[in-house]
Every structure is written in C-alpha cells, then in structure tokens.
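Chemist: One structure, pasted below without further comment.
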Amino acid sequence: MIALAAAWIVPLLVVGGFTLDDVLASAIRRNFDDQLNYAATALIATAEIGPNGEARSSRPLSDQRFLEPYSGLYWQVSVAGAEPFRSRSLWDRALPWKAEQNCSAGCFYDTTTFHDEPLRVVERDAVLPGAKTLFHFQVAQVSRDLDRQVAVLRATLWWSLGLLGLGLLVLAALQSTYGLWPLRRVSRAIATIRSGAATRVTGAFPPEIGPMVVELNELLDDNAAQAEAARLHAGNLAHALKTPMSVLVGAAHAGAADLAALVVSQTAIMQRHVDHQLARARAAGRRTASTARAELWPALEGLARTLTRLHAARDVVIDIDGVRDAVFRGERQDLEEMLGNLLDNAAVHGGGRVFATVARAPGVIVVTIEDDGPGIPAAHRDTLFERGARLDTGKPGTGLGLAIVRDVAEIYGGSVTLSESDDLGGLMATLTLPAAG
C-alpha cells in the first residue's frame with residue numbers, strides 16, 4: 011500500500027512542483043520587468059529638451075541608486091548623432107543601444123554589464139515636447155538579485171514539496187499500519203475460527219468495519235446451521251435405512267420364501283428416503299450458493315401444458331389466474347419441483363379440474379392450487395407432509411411429493427399449507443415463497 015501511495019504521490023508532487031516553479035518564477039520576473047518599465051515611464055515624464063536640443067531631466071528620479079556610481083541601476087537617454095544623457099550611476103560608461111528596434115511600447119532584453127554582470131534592460135522610444143527627433147530611453151538593472159530571488163524561491167518550493175511528500179508517505183504508512191488494523195483483527199479472528207478455537211468474530215470494531223463483521227458472523231451462523239442440518243439429515247437417513255435393512259437381513263437369515271418381493275418393497279422404501287434427502291440437499295445447496303431469480307407465470311404455464319398432456323386420458327383441465335409478473339427469489343428448478351408436485355397431486359387425486367392462482371403480498375408470492383376432488387379431512391392433512399405418507403394407496407406415487415415441497419419451501423424461508431377449497435370443494439394447497447426484490 012505504501013508503494014502504491016508513493017506511486018501517485020511522487021509524480022503528482024513533481025508535476026505540481028514544476029508547474030508552481032514556472033508560475034512563481036514567471037511572476038517574479040514580470041514584477042521585475044514592471045518595476046523597470048515604471049522607472050522608464052517616470053524617466054520619460056521628467057525628460058525635457060535643453061536650449062541646445064539636448065535631452066535633460068527636469069528632476070531626478072526618486073531611487074537613490076541612480077545617483078551612486080555603478081550601483082547596478084541605470085538609465086540613459088540617447089538620440090542619433092549626440093552624446094547620450096545618462097544617470098550618474100553609469101559614471102563614464104554607456105548602455106548598448108539597439109537602434110534597430112521599434113520600442114514605443116517597451117522592449118526587454120538581457121545583456122551583461124561592463125563588469126560582466128547579468129543586466130536586464132527595458133527600452134522605450136518617445137518624442138519629447140518641442141522636439142522632432144525620436145529619443146531612445148533605457149532603464150537597466152543588474153539581475154543577479156532577480157536570479158537570487160528565483161533560486162531562493164525554487165529551493166524553498168522544492169524543500170517544502172519534499173517535506174510534504176515525506177509527510178504524505180508517513181501518513182500512508184500510518185494508515186496502512188493503524189487504519190487497517192481492524193481488518194487485521196478480523197483476519198486473525200477468521201484464522202482462529204478456522205482452527206476451531208472460536209465460532210464467531212467477537213470484539214469492538216470501528217463503525218466502518220462493524221457491518222462487515224455482522225455480515226461475516228451471519229454467514230458463519232448460516233454455515234453452522236447448514237452443517238448441523240447436514241448432520242441431522244445424515245442421521246435421519248441412516249435411521250430411516252436401518253429398519254428396512256434389518257428386515258432384509260432378518261428375512262435372509264430366516265430363508266423367507268417371499269424374499270424377492272420383500273427385497274423389492276424394502277429397497278423401494280430405501281430409495282424413497284434417499285430421494286427425499288437428495289432433494290433437500292440439492293435445494294439447500296442451491297439456496298446457499300445462488301442468487302438466481304425465476305418467473306412464476308412461465309413455470310406454471312409450462313407445467314400446466316405438460317401435466318394436461320400427461321393426464322389427457324382423464325380430461326384434466328388446469329387453469330391459471332393472477333399476477334403475471336411475480337418473480338421467485340430462487341432457482342427455477344426448485345420452483346418447478348414444488349409447483350410440479352402440487353399440480354400433479356391435484357391432477358391425480360382431483361376430479362379433473364385444477365385451478366392455480368398467483369398473488370403477491372409484501373415480500374412474498376402466494377400460489378394457491380385447488381382441485382375438485384373429495385378433499386382430505388382436516389385431521390389427516392398434516393400427516394401428508396410425512397415421508398412416504400399416502401392416504402390413497404390405490405394410486406401410483408412414492409408419498410414424497412408434499413414432503414419435498416415442504417422441505418424445499420422451508421429452505422427458502424417459505425411454507426406450504428393444506429385447506430379446503432371453497433370454490434371447487436376439494437383440497438387447496440397454499441405455497442408461500444420469497445419474492446425477488
């Protein structure tokens with residue numbers, strides 16, 4: 011993380027430093043040139059024509075350096091064919107005159123003095139009152155102070171940016187060390203859970219990390235519940251298989267004459283138990299790992315067409331009504347397994363008419379499936395959810411349909427109930443499932 015911080019802090023500071031360097035150095039140079047140009051304007055304002063046509067100053071300029079020999083600040087007024095009129099600071103020297111330029115607005119250039127010092131010069135051309143000749147005004151100043159100011163500015167700027175960059179890197183290191191400390195605590199807590207020394211992440215965490223810890227604990231609780239459910243299902247399956255296996259072993263030892271038929275019946279019982287537990291396991295696995303969505307209406311329509319063809323000999327009619335845009339929060343395969351079992355039960359045990367209705371309630375979808383069969387007494391309805399329970403043994407089936415529907419619905423947080431149909435007079439199954447948001 012520190013390397014990443016350095017990767018963007020250093021380039022930004024370098025680019026920003028060069029930009030500030032250029033802006034501030036240019037501002038200092040412009041200010042220096044403005045001072046020279048101001049002095050040139052003042053020089054033109056005080057200049058006048060003498061009795062012999064020469065240029066002279068009506069009053070001295072205010073800066074005393076113009077009066078000190080070789081002070082570094084000079085002015086000069088030149089005209090073609092005459093000796094230049096200059097400040098006392100020039101003493102017996104003269105500034106170079108670039109006569110080829112037209113500098114009515116002011117021209118700036120760099121040169122060197124008679125002592126080989128850097129010199130900044132501004133030139134202005136003007137016609138004095140009462141004169142017909144163009145006079146050439148020059149103001150110059152040694153620029154070593156300017157260069158010194160720029161050098162001091164640059165040193166201060168880069169030292170400041172260096173300290174700023176170092177401070178930012180230190181802050182990034184502190185953030186990496188202390189800001190991510192809660193995440194390291196979570197990581198150690200997960201390692202402790204993996205080792206079996208704990209089952210949850212405990213302790214106080216900052217508000218930014220707290221929601222993540224809550225979600226993590228909920229995930230751990232859910233995984234623990236899934237593991238416990240798996241152990242319970244394994245125990246149930248082992249217990250359910252124990253009895254038919256004991257029957258087979260006892261019959262084999264006794265040399266029963268109808269051993270073959272007994273094997274078939276007992277293995278069928280075992281197969282039903284295995285199918286039931288496998289259905290639960292598949293649904294639980296898909297519920298834990300999936301965020302799938304399934305539309306109810308197309309699933310109902312497809313199942314209705316299939317079952318109508320399957321029971322065509324009995325002229326079964328399946329009608330569907332209700333909302334068409336309901337969406338189940340779960341796998342389409344599980345939805346079709348629940349709806350298919352309920353519709354098939356209604357078609358097999360009813361009198362030929364099946365009516366399915368889809369409705370919505372806050373956060374859930376409610377599907378009711380009614381038939382016109384003889385119905386089931388209220389006292390016997392709950393027994394139909396037991397594995398292998400069948401009230402009508404004369405019709406084919408394993409007796410696992412409603413048990414599977416209940417188990418799969420409960421895995422998704424839903425439910426299934428049985429009651430009497432007010433409209434058709436037979437049995438009505440009400441399936442409640444979570445709706446997709």
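Add 10 to the 1-based position in the sequence shown for my numbering, that's all there is to it.
Even for Gly, the Cβ is constructed at its ideal location relative to N, Cα and C.
Using 8 Å for Cβ pairs, my map puts residue 147 next to residue 137. What's the rounded Cβ distance?
Modeler: Going by Cβ atoms, the distance from residue 147 to residue 137 rounds to 11 Å, so no, they are not a contact pair.
Chemist: Take every Cβ of the region 350 to 360, pair it with every Cβ of the region 331 to 341, and state whether three or more of those distances are shorter than 8 Å.
Modeler: Because the criterion of three Cβ pairs below 8 Å is not met, the region 350 to 360 and the region 331 to 341 do not touch.
Chemist: Using 8 Å as the threshold, is the C-beta distance between residue 233 and residue 211 below it?
Modeler: It is not a contact, given that the beta carbons lie outside the stated cut-off.
Chemist: Measuring CB atoms only, is the region 111 to 127 touching the region 22 to 33, in the sense that at least three cross pairs come out at less than 8 Å?
Modeler: Because the criterion of three Cβ pairs below 8 Å is not met, the region 111 to 127 and the region 22 to 33 do not touch.
Chemist: By how many angstroms is the C-alpha of residue 348 removed from the C-alpha of residue 199?
Modeler: Approximately 40 Å, taken between the alpha carbons.
Chemist: Would you call the region 381 to 388 and the region 423 to 436 in contact, with 3 or more CB pairs under 8 Å?
Modeler: The region 381 to 388 vs the region 423 to 436: in contact.
Chemist: Would you mind sorting residue 86 into buried or exposed? The rule is 16 or more other CB atoms within 10 Å of its CB.
Modeler: Residue 86 is buried by the Cβ-count criterion.
Chemist: Would residue 378 be called buried (16 or more neighbouring beta carbons within 10 Å of its own) or exposed?
Modeler: Looking at its Cβ environment, which holds 16 or more other Cβ atoms inside 10 Å, residue 378 is buried.
Chemist: What would DSSP say about residue 48, mapped onto helix, strand or coil?
Modeler: Helix, per DSSP.
Chemist: With DSSP as the reference, label residue 339 as helix, strand or coil.
Modeler: Of the three classes helix, strand and coil, the one that applies to residue 339 here is coil, per DSSP.
Chemist: DSSP state of residue 187, grouped into three classes?
Modeler: Helix at residue 187.
Chemist: Quick one: measure Cβ to Cβ for residue 187 and residue 152, integer angstroms, because I've assumed they're closer than 8 Å.
Modeler: 54 Å between Cβ atoms; not a contact.
Chemist: Under three-state DSSP, which class holds residue 135?
Modeler: Reduced to three states, the DSSP call for residue 135 is strand.
Chemist: With a threshold of 6 Å on Cβ separation, who are the neighbours of residue 141 within its own chain once the five nearest residues in sequence on each side are excluded?
Modeler: Closer than 6 Å at Cβ, skipping near neighbours: 59.
Chemist: Measure from the alpha carbon of residue 352 to the alpha carbon of each residue in 313, 319 and 337, then state which is nearest.
Modeler: The candidate whose alpha carbon is nearest that of residue 352 is 313.
Chemist: My output table needs one value for residue 85: the three-state DSSP class, helix, strand or coil.
Modeler: Strand at residue 85.
Chemist: Work out the CA separation of residue 131 and residue 116 for me, nearest whole Å.
Modeler: Using only the alpha carbons, I get a separation of about 10 Å.
Chemist: Grab me the residues of residue 154's own chain with a C-beta within less than 7 Å of its C-beta, minus the 5 sequence neighbours each way, in chain order.
Modeler: Here the set comprises 127 and 128.
Chemist: May I ask you to list the residues that DSSP assigns as paired with residue 448?
Modeler: Missing from the structure shown is residue 448; the chain here goes from 11 to 447 and no further.
Chemist: Give me the residue from 74, 52 and 135 with the minimum Cα distance to residue 88.
Modeler: Measuring from the Cα of residue 88, the nearest candidate turns out to be 135.
Chemist: Name the residue from 174, 220, 55 and 170 whose alpha carbon lies nearest to the alpha carbon of residue 139.
Modeler: Measuring from the Cα of residue 139, the nearest candidate turns out to be 55.
Chemist: For a test of the three-state rule: what should DSSP assign to residue 425, helix, strand or coil?
Modeler: The answer is strand: DSSP assigns residue 425 an E or B state.
Chemist: Can you pull the DSSP bridge partners for residue 359?
Modeler: Partner(s): none; residue 359 has no beta bridge.
Chemist: I need the boundaries of the alpha helix (DSSP H) containing residue 321, first residue and last residue.
Modeler: Unbroken run through residue 321: none, as it is neither H nor E.
Chemist: Count the other CB atoms within 10 Å of the CB of residue 403; is the residue buried (16 or more) or exposed (fewer)?
Modeler: Low local confidence applies: a pLDDT of 42 at residue 403 is under 50, so the model's placement there is unreliable, with the coordinate-based value given in what follows. By the 10 Å Cβ count, residue 403 comes out exposed.
Chemist: In angstroms with no decimal places, state the Cα-to-Cα distance between residue 345 and residue 392.
Modeler: Computed Cα separation, rounded: 22 Å.
Chemist: Measuring alpha carbon to alpha carbon, tell me which of 364, 80 and 277 ends up nearest residue 439.
Modeler: Of the candidates 364, 80 and 277, the one whose C-alpha sits nearest the C-alpha of residue 439 is 364.
Chemist: Can you give me the Cβ contacts of residue 114 inside the same chain, cut-off strictly under 8 Å, excluding the 5 residues immediately before and after it?
Modeler: The residues are 134, 135 and 136.
Chemist: What are the boundary residues of the beta strand (DSSP E) that residue 146 is part of?
Modeler: Here the beta strand (DSSP E) through residue 146 covers 144 to 152.
Chemist: Let me know if residue 322 comes out buried or exposed under the rule of 16 or more other beta-carbons within 10 Å of its beta-carbon.
Modeler: Exposed, because fewer than 16 other Cβ atoms sit within 10 Å of the Cβ of residue 322.
Chemist: If the criterion is Cβ atoms closer than 8 Å, does the pair residue 105 and residue 150 meet it?
Modeler: In contact: residue 105 and residue 150 (Cβ atoms closer than 8 Å).
Chemist: Could you tell me how far apart the beta carbons of residue 368 and residue 306 are, in whole angstroms, since I believe they sit closer than 8 Å?
Modeler: The pair is a contact, with the Cβ atoms about 6 Å apart (cut-off 8 Å).
Chemist: Quick check on residue 79: does DSSP put it in helix, strand or coil?
Modeler: Residue state, collapsed to three classes: coil.
Chemist: How far does the alpha helix (DSSP H) with residue 388 in it extend, from its first residue to its last?
Modeler: Per DSSP, residue 388 belongs to the alpha helix (DSSP H) from 388 to 391.
Chemist: What separation, rounded to the nearest whole angstrom, lies between the Cα atoms of residue 338 and residue 22?
Modeler: Going from the Cα of residue 338 to the Cα of residue 22 covers about 51 Å.
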